[in-house]
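**Q** Can you read through this structure? Questions will come right after.
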Amino acid sequence: MSNITKKALMESLKKLMLQKPLNKITINDLTADCGISRMAFYYHFRDIYDLVEWACLEESTKALQGKKTYETWQEGLLQIFEAVYENKPFIINAYHAVSREQIENYLFHLTHDLIMGVVLEQSKETALSDAQKNFIADFYKYSFVGIMLDWIRQGMKDDYTSICDNMCTTIQGNITNSIKNFTNVSK
């Protein structure tokens with residue numbers, strides 16, 4: 001029942017964000033729209049921004065299911081872009097309403113998980129430390145997030161499939177090469 005309530009609040013928030021900016025939406029607006037009490041809202045979330053963060057993570061988790069391997073990470077990246085684009089009014093509204101740091105943290109978490117899946121898979125037979133694996137994932141996540149934030153800031157006008165293709169072409173083989181470089185330095 002808990003997840004049903006959360007998802008109902010998320011859908012109400014998305015609907016209301018099509019009509020007005022996030023900072024103009026109240027808890028009363030949300031609870032009236034989905035027919036729950038204020039107490040039920042506060043049982044699940046601290047405030048509207050907590051709901052926004054949960055909604056972003058919920059959507060992204062769905063987008064990345066099963067796409068964290070060397071063979072599928074490019075598809076996972078494309079699905080991140082698709083999920084962001086499909087929720088364009090919500091993301092643009094949230095981007096302008098919450099701090100840049102919150103949006104960055106959401107995207108950092110999402111892309112780090114995607115890249116770390118690849119790093120872990122590709123470094124199985126190596127003696128890389130967890131710190132080295134995290135460094136590699138962090139290095140590439142900053143690039144991914146920077147490009148995605150630019151795309152969002154510019155109103156998501158450019159074709160995300162072209163952006164994704166360019167990112168994949170640029171990074172092709174580089175994670176594996178980074179692992180090999182760290183392995184050679186460790187010897």
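Quick note, the sequence shown lines up with residues 1 to 187 if you use full-length UniProt numbering. The beta carbon of each residue, even a glycine, is placed where N, CA and C say it ideally should be.
1. Considering just the uninterrupted stretch of the alpha helix (DSSP H) at M10, what are its terminal residues?
2. With distances taken from CA atoms, which of R38, T5, M148 is nearest Q79?
3. Along the chain, where does the alpha helix (DSSP H) containing M167 start, and where does it finish?
4. Could you spell out the range, first to last residue, of the alpha helix (DSSP H) harbouring R46?
5. Label G155 either buried or exposed according to how many other C-beta atoms from any shown protein chain fall within 10 Å of its C-beta, with 16 as the threshold for buried.
6. Do the region 162-175 and the region 85-104 meet, that is, are 3 or more Cβ pairs less than 8 Å apart?
7. Out of curiosity, what's the CA-to-CA distance linking T126 and L114?
8. Using a 10 Å radius around the Cβ and a threshold of 16 neighbouring Cβ atoms, would you call Y128 buried or exposed?
9. What do you reckon, are the CB atoms on M116 and A83 nearer than 8 Å?
10. According to DSSP, is K20 helix, strand or coil?
11. Alpha carbons only, please: which of V52, N28, F139 is nearest the one belonging to H112?
12. Evaluate V118 with the Cβ neighbour count: other Cβ atoms within 10 Å of its Cβ, from every protein chain shown; 16 or more gives buried, anything less gives exposed.
13. Is D159 near the ligand MG - that is, is its Cβ less than 7 Å away from at least one heavy atom of it?
14. Restricting to Cα atoms, I'd like to know which of M17, D50, L110, E58 is closest to I4.
15. Hey, quick one: how far does the alpha helix (DSSP H) through Q79 stretch, first residue to last?
16. Have a look at N166, C34, I25 and flag the residue whose alpha-carbon is nearest the alpha-carbon of L9.
17. My output table needs one value for M156: the three-state DSSP class, helix, strand or coil.
18. Are K141 and L120 closer than 8 Å when you measure CB to CB?
19. L107: which of E86, E53, S123, E75 sits nearest, CA to CA?
**A** On the basis of the data shown:
1. 2-17
2. M148
3. 160-171
4. Note, R46: premise wrong, no alpha helix (DSSP H); not H, not E.
5. exposed
6. no
7. 20 Å
8. Contrary to the premise, residue 128 reads as Leu rather than Tyr in this sequence. Classification for L128: buried.
9. no
10. coil
11. F139
12. buried
13. In the structure on display, the ligand MG does not appear, and there are no ligands present to speak of.
14. E58
15. 73-86
16. C34
17. coil
18. no
19. E53
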